[in-house]
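What follows is a single structure, written as structure tokens, with notes after it.
Protein chains in written order, with the working numbering: chain A, 1 to 336; chain B, 337 to 672; chain C, 673 to 1008; chain D, 1009 to 1344.
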């Protein structure tokens, strides 16, 4: 796979920087949150979920982030460590910031929403001086998540991490992960997302997320090819544009367009689909698989997560993904 | 009871203004919150709890407050209404504020702590123009809670409510309820607490809370008599100073000092003790009882709440309090 | 004069708390500021001007305030000291605040405007712990200026100063001095102005300023009598309501209404008229003169200031006021 | 001159984006500002000064910026227009922002300081949607000034302007112009300065400014060559590093190092030296002169400005610079 290469001989296969938060998932589902009585606590946040996924799939992983100095923060670090993720660069905030929260409401498998607590969130307090150059130099992949660009000083920490990655030849993956409520304006978002994307090797986002990034560069027909082509002028090798139920398309620098089949699932909720897809896909290409096979693997991993109650806690092992694919191939799993 | 009188012929016995929030109580108790797996959701906030208590005891109650425009906010209003509290003056924030949260951690019956989410809290967005003069004119009692003084515009809303109450002869109860994390400085707190207390008929607080109010007026021996005497120069008739396990003392304008016996309880946690005490005590004096009998009633109501998992949801009816007192008197209840 | 009395035997006749700033007066007048080439620098701010006026009239004066740690701040302190004002309680900000500025534009004697710089102003950083109780206890009069109520912590400093003044029997004068640009909302302003006014012996303001204070207490006919009567329920003895060119009216607790004749002037600009009026009037009543004579004296002092280029620097001595009155009486001065 | 080229056939030779403010220069010099009595008003701000300089030298110029909606703002626009600068993209703030101020204090020709007013400054409110792509596409040169990167939304506006310039082949000049008081931290500054510099063709700064940019990339010997070399990996063609009295050095992509002789001057103050130098130098290279000749021209322009009272108003015409050089060459001008 020549579109993107990965440096060998590094201590870690995968390091992510960004959001660490707590999901509070409604225990009573298929009803509005007003009528929910209790919630179960999980580690959350896109880059956290992806890293947990990568670790479960057997890779050597680390995280760069910031947690609140409280029980929620300690819960997060403890969970990462239990999952084999190196947390030496997960620092503790000392300014009184809190852990970001996501209360999830599952009205039906297709009608899910999230109530976010992002004011004074600890993860956005990560500062440039807390970004460890050696760790980035010692990782094959650095994953950045767009949410971490939403505010200072986390925004500057991510730009510095990107700089370190370019300097040391670490391959950079950009998970766009656009959450409007943490941003001051769509204009501001577009400017920083574009600045960051210029320095990334793989960019993954939904069609709507790329639309937002094209605010100052009209693409009236919302052409995926136009969108992808821009980034191939920079260092990008793969652009994945997700079209929801219609599946994802991967564009590569050589001009090719890659699609993969998807798998059926008994859907409980849609949360976490993107994170498990990213973990599965990245695992594939890090393993040297074709883009198509990697996409299928991501798709199967996503099916497993959306069939269960949590995101992070449901991230599958390689064995679980393999089994799921086999069962699908045998026709044992059908959609709800 | 001539120390404080209550206007007759009003539509409501009791109206409170201030904090409305959500408590998330750990389901797995006697462990640190890091190890808690799930939480149960209750309505919370001192003035909310007291109002629910008053309503359960059979009084006609109303609330002036502000909720977030989300599922948490709708849950609060729904719960107040189910408890017979008039919510015509509970307005909905339109600025994107969130519901204040209190995660409770119960490590042991005597080692409890709270993890608060107060950034961008909807209750502190209540503005003066949202304070209904007619409602205050139509209530026998207005209860204000000190937490509502912590930030603008809620602070100004409370001062305006106090002004309306004085104008219409509504009796004012001040529950000090000092929560340092919502204030910019102890100096600021002391100034506004004193300004508010000057306009109140009954003041209820802990010794530590009165210490904080005396920041600019030294009382080196922390004399309760000195503390209470100051307020009798204004319109105050009763000052209750709470000394934790050593019990409370009520000082009255006539120079008397009142103490009451307390009851035993099988304590689960200490949260909510003050709120149920306030509800029981105020119910008593509104009923024309002696201060001592009112204090005992408050004490019994508090025992019921600290013996159960929640605060608001455990607020007792008059029948429950009476039964509790009878059982204690028969020696059927002993402390843990 | 029994409406308001002044404690005797104090070290200072007059102490003011509040705004200290710099006026930059256009040297080229009768043109818009766009065409102004240069500005002359003066000390400014209502309470500063009044204190300078009182000192020029021969009283023993002091100031409680905060200045920026820069050349502008040092200029202010130096000027106050040159004018015989005690500056032991003028403290220096250490947070990087700046000196408030007022650029004055004089298009014509009746068309004057001000361009204010009030962001991050040092005077609004005065904190309660910087208010010296002994100084207030040692002054006959404390003057507070409404602008100092516009933001924390200056607002709390003023409320604490009021508390000290009541405690020690110091007579309090409230110069309303409402400047909308420093306030968040008119609601907020009304609440704090009313809270402060309850504790003052003399209140001086324009009809428009009292209208603002009556935001929650309708006075649809804008009756001066209604306005003044409210404050006589508190400790106030004199309420002066200014009606611009139609002159001022002083209301006293005994129900009387006092008006005084005014003097002609060759007007250069209208700035500073209120400050010099206040200084002259207060000098009169502190001297035991009748309200009418005091008002006339204030009026003459105002004429002197509006006939000159500056505010602070033009504040007259008693000799200058006496001479002005004599010359008017001899018909030597006529209006422009 | 092949290090940097300039597109031909554009409507404007030079467009700047960024700070527009007002300088208030002490009329009484050689004394501390405390003793200054009056100030003269000039247009100020580095990019404004440079643009005025370019216009005086005969180039076709435009400005992209934001002014306060007051007399100061109108004064700025009026002055730019009088100097032949296109102001169609100088927009007026509607949020109540003020014009940034710089009070200059001249204690001696070598001891000058500035008292800045930058809180709520209108120039930092420029937003991306106010950046005109066509203007940038129609200009040979875009100059950005580092101060405009200090805060949102001006920071994003500059990054968008850089994007437009790269897209349309407009040559970009970066005047570092680092003013610490407008930034939150040196870390934040370094990150954004580096991000911007990557997209610039000519970078001009002092040794100290480049030190700040190298915060995360140690250059312990403060080597100019190391500093310059970094930028030649991007699109930069010329890096000018200023060493104060020891003169400036221009590094070019071809590895060469250029120095130029300087001229004597009767120095009144040092303000404005950098801006006039930049204008003179850029005029030279836009005219196709050698780097050395351009540097000498900048040096002569700077001498003229530091010999006079103002910055903007003293920017010389080409005739004035030529005359100055000739007089220096004839020995008619000597240093003070």
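Glycine included, C-beta positions come from ideal geometry on N, C-alpha and C.
The structure presented is a predicted model; accordingly, all values stated were derived computationally and were not measured.
Separation of residue j from residue i, as counted between CA atoms
{"i": "residue 427 (chain B)", "j": "residue 469 (chain B)", "result": "15 Å"}
{"i": "residue 503 (chain B)", "j": "residue 774 (chain C)", "result": "40 Å"}
{"i": "residue 940 (chain C)", "j": "residue 535 (chain B)", "result": "47 Å"}
{"i": "residue 337 (chain B)", "j": "residue 656 (chain B)", "result": "Its pLDDT being 45, under 50, residue 337 (chain B) is placed unreliably in this model, and the value from its coordinates should be taken loosely. Residue 337 (chain B) and residue 656 (chain B): Cα-Cα distance of roughly 25 Å."}
{"i": "residue 505 (chain B)", "j": "residue 341 (chain B)", "result": "10 Å"}
{"i": "residue 566 (chain B)", "j": "residue 753 (chain C)", "result": "39 Å"}
{"i": "residue 1108 (chain D)", "j": "residue 1129 (chain D)", "result": "5 Å"}
{"i": "residue 1341 (chain D)", "j": "residue 184 (chain A)", "result": "55 Å"}
Environment of residue i [buried if 16+ CB atoms lie within 10 Å]
{"i": "residue 8 (chain A)", "result": "exposed"}
{"i": "residue 1029 (chain C)", "result": "Examination of residue 1029 (chain C) is not possible in this model, given that chain C is present from 673 through 1008 alone."}
{"i": "residue 862 (chain C)", "result": "buried"}
{"i": "residue 1269 (chain D)", "result": "exposed"}
{"i": "residue 119 (chain A)", "result": "buried"}
{"i": "residue 264 (chain A)", "result": "exposed"}
{"i": "residue 982 (chain C)", "result": "buried"}
{"i": "residue 1231 (chain D)", "result": "exposed"}
{"i": "residue 873 (chain C)", "result": "buried"}
{"i": "residue 632 (chain B)", "result": "buried"}
{"i": "residue 407 (chain B)", "result": "buried"}
{"i": "residue 1103 (chain D)", "result": "exposed"}
When the options are compared against residue i, the one with the closest alpha-carbon
{"i": "residue 912 (chain C)", "options": "C:845, C:751, C:940", "result": "C:845"}
{"i": "residue 553 (chain B)", "options": "C:994, C:800, C:810, C:688", "result": "C:800"}
{"i": "residue 608 (chain B)", "options": "B:548, B:495, B:449", "result": "B:449"}
{"i": "residue 1075 (chain D)", "options": "D:1067, D:1068, D:1069, D:1053", "result": "D:1053"}
{"i": "residue 690 (chain C)", "options": "C:796, C:714, C:869", "result": "C:796"}
{"i": "residue 1286 (chain D)", "options": "D:1022, D:1073, D:1018, D:1338", "result": "D:1022"}
{"i": "residue 808 (chain C)", "options": "C:688, C:920, C:827, C:826", "result": "C:688"}
{"i": "residue 710 (chain C)", "options": "D:1031, D:1338, D:1231", "result": "D:1031"}
{"i": "residue 274 (chain A)", "options": "A:286, A:312, A:64", "result": "A:312"}
{"i": "residue 851 (chain C)", "options": "C:823, C:828, C:974", "result": "C:823"}
{"i": "residue 1060 (chain D)", "options": "D:1042, D:1078, D:1029, D:1093", "result": "D:1093"}
{"i": "residue 115 (chain A)", "options": "A:48, A:281, A:211, A:181", "result": "A:181"}
{"i": "residue 232 (chain A)", "options": "A:203, A:246, A:244", "result": "A:203"}
{"i": "residue 306 (chain A)", "options": "A:299, A:315, A:270", "result": "A:270"}
{"i": "residue 1020 (chain D)", "options": "D:1029, D:1048, D:1095, D:1081", "result": "D:1095"}
{"i": "residue 1101 (chain D)", "options": "D:1161, D:1049, D:1125", "result": "D:1161"}
Backbone secondary structure at residue i - three-state DSSP
{"i": "residue 1004 (chain C)", "result": "coil"}
{"i": "residue 425 (chain B)", "result": "strand"}
{"i": "residue 377 (chain B)", "result": "strand"}
{"i": "residue 395 (chain B)", "result": "coil"}
{"i": "residue 601 (chain B)", "result": "coil"}
{"i": "residue 135 (chain A)", "result": "helix"}
{"i": "residue 285 (chain A)", "result": "helix"}
{"i": "residue 341 (chain B)", "result": "coil"}
Beta-carbon spacing of residue i, residue j below 8 Å
{"i": "residue 1260 (chain D)", "j": "residue 1246 (chain D)", "result": "yes"}
{"i": "residue 815 (chain C)", "j": "residue 847 (chain C)", "result": "yes"}
{"i": "residue 963 (chain C)", "j": "residue 922 (chain C)", "result": "yes"}
{"i": "residue 192 (chain A)", "j": "residue 155 (chain A)", "result": "yes"}
{"i": "residue 32 (chain A)", "j": "residue 107 (chain A)", "result": "yes"}
{"i": "residue 398 (chain B)", "j": "residue 475 (chain B)", "result": "yes"}
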